[in-house]
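Visitor: Residue numbers (my numbering): 7 to 120.
Positions of the beta carbon are idealized from the N, C-alpha and C atoms, including for glycine.
Remember, it's a predicted structure, so these values are computed and weren't measured experimentally.
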(Lines of atoms letter the chains of each structure in order from A; the text may use other names.)
(Lines give C-alpha, C1' and ligand atoms only; values in the text may rest on other atoms or scores of the structure.)
Protein backbone atom coordinates (compact mmCIF):
# COMPACT_ATOMS: atom_id res chain seq x y z
CA UNK A 7 0.00 0.00 0.00
CA UNK A 8 2.82 2.41 0.84
CA UNK A 9 4.51 1.75 -2.51
CA UNK A 10 1.32 2.66 -4.36
CA UNK A 11 0.78 5.79 -2.26
CA UNK A 12 4.33 6.94 -3.03
CA UNK A 13 3.92 6.86 -6.81
CA UNK A 14 4.54 10.20 -8.54
CA UNK A 15 1.72 12.60 -9.28
CA UNK A 16 0.03 12.45 -12.69
CA UNK A 17 1.28 15.40 -14.73
CA UNK A 18 -0.46 14.89 -18.07
CA UNK A 19 -3.74 16.79 -18.20
CA UNK A 20 -5.16 14.45 -20.86
CA UNK A 21 -4.82 11.46 -18.56
CA UNK A 22 -6.10 13.54 -15.65
CA UNK A 23 -9.22 14.42 -17.64
CA UNK A 24 -9.67 10.77 -18.65
CA UNK A 25 -9.38 9.68 -15.03
CA UNK A 26 -11.97 12.25 -13.99
CA UNK A 27 -14.37 11.11 -16.73
CA UNK A 28 -13.89 7.47 -15.74
CA UNK A 29 -14.56 8.39 -12.12
CA UNK A 30 -17.95 9.83 -13.06
CA UNK A 31 -18.62 6.95 -15.44
CA UNK A 32 -17.86 4.41 -12.69
CA UNK A 33 -20.56 5.88 -10.44
CA UNK A 34 -23.15 5.58 -13.21
CA UNK A 35 -22.07 2.25 -14.67
CA UNK A 36 -22.18 0.58 -11.24
CA UNK A 37 -25.94 1.14 -11.19
CA UNK A 38 -26.76 0.67 -14.87
CA UNK A 39 -24.41 -2.07 -16.10
CA UNK A 40 -22.57 -3.62 -13.12
CA UNK A 41 -20.65 -6.11 -15.26
CA UNK A 42 -18.73 -3.20 -16.83
CA UNK A 43 -17.80 -1.67 -13.48
CA UNK A 44 -14.60 -3.75 -13.05
CA UNK A 45 -13.41 -2.74 -16.53
CA UNK A 46 -13.64 0.96 -15.72
CA UNK A 47 -11.93 0.46 -12.37
CA UNK A 48 -9.12 -1.65 -13.86
CA UNK A 49 -8.55 1.04 -16.48
CA UNK A 50 -8.33 3.72 -13.78
CA UNK A 51 -5.94 1.67 -11.65
CA UNK A 52 -3.75 0.82 -14.64
CA UNK A 53 -3.55 4.48 -15.64
CA UNK A 54 -2.63 5.43 -12.07
CA UNK A 55 0.12 2.82 -11.93
CA UNK A 56 1.54 3.72 -15.36
CA UNK A 57 1.22 7.50 -15.39
CA UNK A 58 0.93 8.61 -11.77
CA UNK A 59 -1.63 9.44 -9.12
CA UNK A 60 -4.44 11.96 -9.35
CA UNK A 61 -7.35 12.74 -7.02
CA UNK A 62 -9.37 10.17 -9.00
CA UNK A 63 -6.88 7.49 -7.99
CA UNK A 64 -8.36 7.40 -4.50
CA UNK A 65 -11.71 6.38 -5.97
CA UNK A 66 -10.02 3.83 -8.25
CA UNK A 67 -8.15 2.06 -5.47
CA UNK A 68 -11.14 2.17 -3.11
CA UNK A 69 -13.33 0.62 -5.82
CA UNK A 70 -10.65 -2.00 -6.52
CA UNK A 71 -10.70 -2.81 -2.81
CA UNK A 72 -14.47 -3.16 -3.00
CA UNK A 73 -14.16 -5.58 -5.92
CA UNK A 74 -11.42 -7.62 -4.26
CA UNK A 75 -13.34 -7.94 -0.98
CA UNK A 76 -16.67 -8.70 -2.63
CA UNK A 77 -16.79 -10.21 -6.10
CA UNK A 78 -13.30 -11.69 -6.14
CA UNK A 79 -13.29 -13.04 -2.58
CA UNK A 80 -9.82 -11.70 -1.66
CA UNK A 81 -10.43 -9.61 1.46
CA UNK A 82 -6.79 -9.28 2.53
CA UNK A 83 -5.74 -7.93 -0.87
CA UNK A 84 -8.80 -5.68 -0.79
CA UNK A 85 -7.77 -4.33 2.60
CA UNK A 86 -4.34 -3.42 1.19
CA UNK A 87 -5.94 -1.51 -1.69
CA UNK A 88 -8.26 0.26 0.77
CA UNK A 89 -5.23 1.25 2.81
CA UNK A 90 -3.51 2.52 -0.35
CA UNK A 91 -6.56 4.65 -1.21
CA UNK A 92 -6.54 6.20 2.26
CA UNK A 93 -2.79 6.84 2.13
CA UNK A 94 -3.18 8.61 -1.22
CA UNK A 95 -5.78 10.87 0.42
CA UNK A 96 -3.11 12.10 2.82
CA UNK A 97 -1.04 13.54 -0.01
CA UNK A 98 -1.43 17.23 -0.84
CA UNK A 99 -4.07 17.95 -3.47
CA UNK A 100 -5.67 14.50 -3.34
CA UNK A 101 -8.62 15.16 -1.04
CA UNK A 102 -11.32 15.88 -3.67
CA UNK A 103 -13.05 12.50 -3.19
CA UNK A 104 -12.44 12.06 0.52
CA UNK A 105 -16.01 11.28 1.57
CA UNK A 106 -16.55 8.75 -1.23
CA UNK A 107 -13.23 7.02 -0.59
CA UNK A 108 -13.68 6.78 3.17
CA UNK A 109 -17.28 5.59 2.78
CA UNK A 110 -16.27 2.75 0.42
CA UNK A 111 -13.22 1.62 2.39
CA UNK A 112 -14.88 1.76 5.81
CA UNK A 113 -18.26 0.35 4.77
CA UNK A 114 -17.29 -2.37 2.34
CA UNK A 115 -13.68 -3.40 2.94
CA UNK A 116 -12.36 -3.36 6.48
CA UNK A 117 -15.08 -5.42 8.13
CA UNK A 118 -14.02 -8.51 6.13
CA UNK A 119 -10.68 -8.73 7.93
CA UNK A 120 -11.25 -6.99 11.27
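#1: How long is the line joining the alpha carbons of residue 90 and residue 19, rounded to whole angstroms?
#2: Count the other CB atoms, across all protein chains shown, that sit within 10 Å of the CB of residue 85; report buried if there are 16 or more and exposed otherwise.
#3: Report the residue from 65, 118, 75, 112 whose alpha carbon sits nearest the alpha carbon of residue 102.
#4: Of the choices 37, 116, 11, 109, whose alpha-carbon is the least far from that of residue 83?
#5: CA-CA distance, residue 29 and residue 50?
Guide: Quick look at the numbers:
#1: 23 Å
#2: buried
#3: 65
#4: 116
#5: 8 Å
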